[in-house]
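Chains as they are written, first to last, in the working numbering: chain A, 1 to 227; chain B, 1 to 227.
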């Protein structure tokens, strides 16, 4: 490749990174608005998330096409090739985050029709941690910072623990007050959606570590150096 | 590439396809055994699924490495490049199917501790449809058969409808008999896991259509030619 060609190619790679950051911002916002719809019992916000998902979907298609074109036309060497394959996988994961936000918004719509029930604090905390994981892991991807990506993966334990608490709290609620059952089933699914968003952020973190260190930490307890 | 090199490369591509078929077989079997654990209240089968997941995880890492190596060393042209990128995405999706089987096995373990409740027929039917979707969509991938891949995507509506029935049946159960709440929450999560497996098979189907026709049917109602 000529020096001109190289410069052009690296501009294109930077554009892919910027688009992924934008896509992640959209996905995080969708999760946030879906949780607001749930807490504020706001049907407009729920509809906004459901309608807005097509924007996230279109970004996935666009990023994947861009990456496939760069792979085909530029025939990049190992490191850039991995970067492009990771970008495709990350856009796939972010699209799923968008789907989970839609599921949360749909549960919110159903829950609005029944009496308010807890456990709101745990759900709010899960959503906060999951969104921060997404935001930080995308930053780690763009900066090529594997230490920070490993740290994000560790936070998934917190989301999993909150998910287990929510299960127990809802079980107790339902037992004590059968009228809460409909809403509680909805919240159980919301909690599960948030837990999956944490898993997706963790997948992205694992991809970043592989990209930077050339070493797979997938499917190992090892996320922070301890085997 | 020399003719010898081409032949070698195409042997390697065939090997990737065979490994994906094997991986899909493992994932389908895990789903089947997890459902058996649930229905037969068999703790050994649940443990077998949970322990066996590392085999599926290892296959994903192996297939991804193989594809990245082929991409780096062979610098394949557009069509084979897309095939390799699709293979990475499919192995990613199959790994998630394995995770859902583990979740089902974990729910089965919890449900065993309470009294048996329905809705067994719907859950069994969902599992059957989801496994057939996986099996058929992998066949479609290997044969490059986009018509068959589109047909698999359509079957997802059946899984979604069953998932909605299960939700309603469980809600009624819980209302009528609060002692069934623990088991019903577990079955709700099992139903959701099966629904996600249908979604993952649909994702693979969409990838096969894109691979064969060069046209994205993602995120469109259109799966069978009607726009």
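A virtual CB, placed ideally from N, CA and C, is assigned to each residue, including glycine.
### Task
Flag this pair as yes or no: are the beta carbons of residue 63 of chain A and residue 91 of chain A separated by less than 7 Å?
As a working mapping, residue 63 of chain A is identified with position 63 in the first chain. As a working mapping, residue 91 of chain A is identified with position 91 in the first chain. Yes, the Cβ-Cβ distance between residue 63 of chain A and residue 91 of chain A is below 7 Å.
### Task
With a 10 Å radius around its C-beta and 16 neighbouring C-beta atoms as the bar for buried, classify residue 179 of chain B as buried or exposed.
What you label residue 179 of chain B is simply residue 179 of the second chain in a count that begins at 1. Counting Cβ neighbours within 10 Å, residue 179 of chain B comes out exposed, since fewer than 16 surround it.
### Chain-order list of residues whose beta-carbon lies under 7 Å from that of residue 48 of chain B (same chain, five-residue window excluded)
By 1-based counting over the second chain, the position of residue 48 of chain B is 48. Counting only Cβ-Cβ distances below 7 Å, and skipping sequence neighbours, we find 33.
### Message
Going by DSSP in three states, residue 144 of chain B sits in which element: helix, strand or coil?
### Response
Stepping through the second chain from its first residue, residue 144 of chain B is reached at position 144. Three-state result, residue 144 of chain B: coil.
### Message
The alpha helix (DSSP H) that contains residue 79 of chain B, what's its start and end?
### Response
Within the second chain, residue 79 of chain B is the residue found at index 79, counting from 1. Counting along the chain, the alpha helix (DSSP H) containing residue 79 of chain B begins and ends at 78-111.
### Proximity winner among B/12, B/99, B/74, B/68, relative to residue 85 of chain B (alpha-carbon distances)
Here residue 85 of chain B corresponds to residue number 85 of the second chain, with the count starting at 1. Selected option, being the one with the closest Cα: B/68.
### Query
For residue 216 of chain B, which residues in chain A fall below 7 Å Cβ to Cβ?
The count along the second chain starts at 1 and reaches residue 216 of chain B at position 216. What residue 216 of chain B touches in chain A: 61.
### Whole-angstrom distance between residue 193 of chain A and residue 89 of chain A, CA atom to CA atom
For the purposes of this step, residue 89 of chain A is taken as residue 89 along the first chain, with counting starting at 1. For the purposes of this step, residue 193 of chain A is taken as residue 193 along the first chain, with counting starting at 1. Taking the straight line joining both Cα atoms gives about 19 Å.
### Per-residue contacts from residue 82 of chain A into chain B (C-beta, under 7 Å)
As a first step, residue 82 of chain A must be located in the first chain, where it is residue number 82. Within 7 Å Cβ-Cβ: 68.
### Message
Are the CB atoms of residue 201 of chain A and residue 154 of chain A within a distance shorter than 7 Å?
### Response
Position 154 of the first chain holds residue 154 of chain A. Position 201 of the first chain holds residue 201 of chain A. No; because the gap between Cβ atoms is not below 7 Å, this pair is not in contact.
### Query
What's the call for residue 95 of chain B, buried or exposed, on a 16-neighbour Cβ count within 10 Å?
Along the second chain, read from residue 1 onward, the residue named residue 95 of chain B stands at position 95. Buried.
### Message
Would residue 72 of chain A pass as an interface residue toward chain B - the criterion being a Cβ-Cβ separation below 7 Å?
### Response
Mapped onto the first chain, residue 72 of chain A falls at position 72. Under the Cβ criterion of 7 Å, residue 72 of chain A is counted among the residues facing chain B.
### Query
Taking contact to mean at least 3 C-beta pairs separated by less than 8 Å, is the segment 37-44 of chain B in contact with the segment 105-116 of chain B?
yes
### Message
Tell me the rounded alpha-carbon separation between residue 126 of chain A and residue 170 of chain A.
### Response
In the first chain, counting from the first residue as 1, residue 126 of chain A sits at position 126. In the first chain, counting from the first residue as 1, residue 170 of chain A sits at position 170. Residue 126 of chain A and residue 170 of chain A: Cα-Cα distance of roughly 15 Å.
### Query
With respect to the alpha helix (DSSP H) encompassing residue 198 of chain A, which residues constitute its N-terminal and C-terminal limits?
The residue given as residue 198 of chain A occupies position 198 in the first chain. First-last of the alpha helix (DSSP H) with residue 198 of chain A: 181-213.
### Query
Where in the segment 36-80 of chain B do unbroken runs of the beta strand (DSSP E), each at least 3 residues long, occur, reported from the N-terminal end onward?
none
### Query
Using a Cβ-Cβ distance under 7 Å, would residue 104 of chain A count as near chain B?
Residue numbering aside, residue 104 of chain A sits at position 104 when the first chain is read from its first letter. Closer than 7 Å: no.
### residue 158 of chain A, enclosing alpha helix (DSSP H) - first and last residue
Taking the first residue of the first chain as 1, we reach residue 158 of chain A at position 158. In this chain, the alpha helix (DSSP H) harbouring residue 158 of chain A covers 156-176.
### Query
I think residue 130 of chain B touches residue 198 of chain B, with their Cβ atoms under 8 Å apart; what is that distance to the nearest whole Å?
In the second chain, the residue the question calls residue 130 of chain B occupies position 130. In the second chain, the residue the question calls residue 198 of chain B occupies position 198. About 5 Å separates the two Cβ atoms, so the contact holds.
### Query
Given a threshold of 16 other Cβ atoms within 10 Å of its Cβ, counted over all protein chains shown, does residue 44 of chain B qualify as buried or as exposed?
Along the second chain, read from residue 1 onward, the residue named residue 44 of chain B stands at position 44. By the 10 Å Cβ count, residue 44 of chain B comes out exposed.
#### Entry: Three-state secondary structure (DSSP) of residue 17 of chain A
The sequence position of residue 17 of chain A within the first chain is 17, counting from 1. Judged by DSSP in its simplified three-state form, residue 17 of chain A adopts helix.
### Query
Within the 7 Å Cβ cut-off, does residue 23 of chain B reach chain A?
Within the second chain, the letter at position 23 stands for residue 23 of chain B. Not closer than 7 Å to any Cβ of chain A, the Cβ of residue 23 of chain B fails to qualify, so no.
### Query
Along chain B, in chain order, which residues have C-beta atoms closer than 7 Å to that of residue 78 of chain A?
In the first chain, the residue the question calls residue 78 of chain A occupies position 78. Correct list: 72.
### Task
Please report how far the alpha carbon of residue 79 of chain A lies from the alpha carbon of residue 211 of chain A, in whole angstroms.
Counting from 1 along the first chain, the entry for residue 79 of chain A is found at position 79. Counting from 1 along the first chain, the entry for residue 211 of chain A is found at position 211. Distance between the alpha carbons of residue 79 of chain A and residue 211 of chain A: 8 Å.
### Message
Helix, strand or coil for residue 135 of chain A? Go by DSSP, reduced to three states.
### Response
As a first step, residue 135 of chain A is located in the first chain; it is residue number 135 there, counting from the start. It is helical.
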